[in-house]
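Engineer: Just so we're aligned, residue 1 is where the sequence shown starts under UniProt numbering, counting upward by one. Positions of the beta carbon are idealized from the N, C-alpha and C atoms, including for glycine.
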Amino acid sequence: MSIEEFLDEARAEIDRLEPEQALAAQKDGALIVDIRPHSYRAEEGEIPGALPIERIHLEWRLDPTGSHRISEVRPDSLVVVVCNEGYSSSLAARDLRRVGLNSATDLVGGFRAWRAAGLPTKPGGTPAIP
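#1: Under three-state DSSP, which class holds Leu119?
#2: What's the call for Thr65, buried or exposed, on a 16-neighbour Cβ count within 10 Å?
#3: Looking only at its own chain, which residues have a Cβ that is under 8 angstroms from the Cβ of Gly100, when we skip the five neighbours before and after it?
#4: For Gln21, I'd like the list of residues in its chain whose CB is within less than 8 angstroms of its CB, leaving aside the five on either flank, ordered along the chain.
#5: For Arg115 and Val82, what's the separation of their Cα atoms in angstroms?
#6: Please say whether Glu44 and Gly124 have beta carbons closer to each other than 8 angstroms?
#7: Are the CB atoms of Asn84 and Arg112 nearer to each other than 8 angstroms?
#8: In the DSSP assignment, the alpha helix (DSSP H) including Ala25 goes from what residue to what residue?
#9: So, for His68: in the same chain, excluding its five sequence neighbours on each side, which residues have a beta-carbon less than 6 angstroms away from its beta-carbon?
#10: Please give the ranges of any alpha helix (DSSP H) in the UniProt domain "Rhodanese" (26-123), keeping only runs that are unbroken, at least 4 residues long and fully inside the region.
#11: When the Cα of Leu58 is compared with those of Glu9, Leu96 and Leu7, which residue comes out closest?
#12: Sort Ala104, Pro19 and Ala92 by Cα distance to Leu7 and report the nearest one.
#13: Could you compute how far the alpha carbon of Val79 sits from the alpha carbon of Ala42?
#14: Taking the alpha carbon of Lys27 as the point to measure from, which residue in Pro120, Ile56, Glu13 and Tyr40 has its own alpha carbon closest?
Below you can see the structure in the form of structure tokens.
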């Protein structure tokens, strides 16, 4: 299976959000989780209110029944995963669904699409939740 096929398969399992939809979801209580490395967030900025959780910790912090989960997540939480351009976030959202976070999705086009849409950003560099 090629990476393109692998990505298509993952995306078939999630209902992806456009930037404006993600902003509306955040205003309605969705968690936006930024999985980009610290250096990317520091250089390009961040989405206000997003939780920075780097990819290597993601499933442990967002498993709704896990002992290492963050307090903000529940089994019914809508979580929008954000990466730079919307590729690795699709795979991550699919994996979150597999650990029981059934409403996990991702942002079409990633942070760069959010910024290009003129949506709110702030200077980056927030340390990730370990």
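Structural biologist: The relevant details are as follows:
#1: coil
#2: exposed
#3: Asp63, Pro64, Thr65 and Pro75
#4: none
#5: 12 angstroms
#6: yes
#7: yes
#8: Pro19 to Lys27
#9: Trp60
#10: 38-44, 58-62, 88-98 and 110-116
#11: Leu96
#12: Ala92
#13: 22 angstroms
#14: Pro120
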